[in-house]
Amino acid sequence: MKRESDQDLVKTDMQLIEEVRKGQRSSFSELVKRHQRGLLRLSMRFMKDMDAAQDVVQEAFIKSYEKLALFEGRASFKSWLYQIAVNTARNKLRENRYDFSNIDDVNLSISATAENSLVHAAVSEIIQKEVDRLPFKQKTALVLRVYEDMSFAEIAEVMECPYDTAKANYRHALMKLKDVFEKQSELRKWTEDVGGFFMELNTKFVEAE
539 MKRESDQDLV
549 KTDMQLIEEV
559 RKGQRSSFSE
569 LVKRHQRGLL
579 RLSMRFMKDM
589 DAAQDVVQEA
599 FIKSYEKLAL
609 FEGRASFKSW
619 LYQIAVNTAR
629 NKLRENRYDF
639 SNIDDVNLSI
649 SATAENSLVH
659 AAVSEIIQKE
669 VDRLPFKQKT
679 ALVLRVYEDM
689 SFAEIAEVME
699 CPYDTAKANY
709 RHALMKLKDV
719 FEKQSELRKW
729 TEDVGGFFME
739 LNTKFVEAE
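Each residue of the sequence shown is one higher than the one before, starting from 539 at the first, in the numbering used here.
Encoded structure:
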């Protein structure tokens, strides 16, 4: 008799969703466990405050549970959940509910490859401030692509826009960051010397062409 491997026993998001629809609420707890870290990380990019980010995560999960019957599975559950979280974050920012006086105390980390080369705090600070200055749609596309490693198709699903629009927002965000680094010659030289973020930015820019 063939023994199931641990991998075989891991249920897909869709299988868990079907169980929830049949009344097995514990299966939604598994979905929460599976996606809460990523959702909190995403929310922190926008809210810059742990309490506010946790509020976004909680609200996103509540909304997704309440609307689960409407989920058709045309996009992945992750993309659908991230779409809810991004919209929730945008609404909260518009409402100005939170005091972000400590925004500079929150470090906006970058992808692992670039993070290893950013040994100077000033570079990280510049990146954070410039990303925070981006228009919401451009920032969303950049965060989902660079930090969450989503495809442009997935980004389009989260942002509820055409594929080309998602890619264009990402490209415009990169152009603005690239412009900042090109104008600061000393910073550009330093990052090129250590193989840092500016060189990665050029690589990212090529993929957006």
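Ideal Cβ placement from N, Cα and C applies to all residues, glycine included.
For clarity, every value in this text was computed on a predicted model and none was experimentally measured.
{"Item": "Using the Cβ count rule (16 or more neighbours within 10 Å means buried), how would you classify T550?", "Value": "exposed"}
{"Item": "Given A591, which residues of its chain have a CB within under 7 Å of its CB, disregarding the five upstream and five downstream residues?", "Value": "L578, S581, M582, M585"}
{"Item": "For L672, collect the residues of the same chain with a Cβ closer than 7 Å to its Cβ; drop the 5 residues on either side in sequence, then sort them by chain order.", "Value": "L680, A711, K714"}
{"Item": "Would you identify the three-state DSSP class for E698, choosing helix, strand or coil?", "Value": "coil"}
{"Item": "Report all residues from its chain with a CB closer than 6 Å to the CB of V644; omit the five preceding and five following residues, and keep chain order.", "Value": "Because V644 sits at a pLDDT of 33, beneath the cut-off of 50, its placement in the model cannot be relied upon, and the following sentence gives the value as read from the coordinates. Only K586 meet the Cβ criterion."}
{"Item": "Starting from L580, trace the alpha helix (DSSP H) both ways and give me its first and last residue.", "Value": "564-585"}
{"Item": "Give me the Cβ distance between Q666 and N707, rounded to the nearest whole Å; I'm assuming they're in contact under 8 Å.", "Value": "At roughly 19 Å, the Cβ-Cβ gap does not stay under 8 Å, so Q666 and N707 are not in contact."}
{"Item": "Cα separation between Q562 and K721?", "Value": "56 Å"}
{"Item": "Buried or exposed: R683, going by 16 or more other Cβ atoms within 10 Å of its Cβ?", "Value": "buried"}
{"Item": "Suppose the cutoff is 7 Å on Cβ atoms and the five residues either side in sequence are ignored; what does the same chain contact list for V594 look like?", "Value": "S581, M585, A623, T626, A627, K630"}
{"Item": "Going by DSSP in three states, T550 sits in which element: helix, strand or coil?", "Value": "coil"}
{"Item": "In whole angstroms, what separates the C-alpha of A650 from that of W618?", "Value": "Below a pLDDT of 50, predicted positions are generally treated as unreliable, and A650, at 42, falls in that range; the measurement from the model is reported next regardless. Taking the straight line from one Cα to the other gives about 25 Å."}
{"Item": "Using a 10 Å radius around the Cβ and a threshold of 16 neighbouring Cβ atoms, would you call V696 buried or exposed?", "Value": "buried"}
{"Item": "For L569, count neighbouring Cβ atoms within 10 angstroms of its own Cβ and tell me buried if that reaches 16, exposed if not.", "Value": "buried"}
{"Item": "Count the other CB atoms, across all protein chains shown, that sit within 10 Å of the CB of I693; report buried if there are 16 or more and exposed otherwise.", "Value": "buried"}
{"Item": "How would you write the range of the alpha helix (DSSP H) that D589 sits in, first residue to last?", "Value": "588-604"}
{"Item": "For the alpha helix (DSSP H) that E623 lies in, which residues bound it at each end?", "Value": "Strictly speaking, residue 623 in this sequence is Ala, with Glu absent from that position. Per DSSP, A623 belongs to the alpha helix (DSSP H) from 615-633."}
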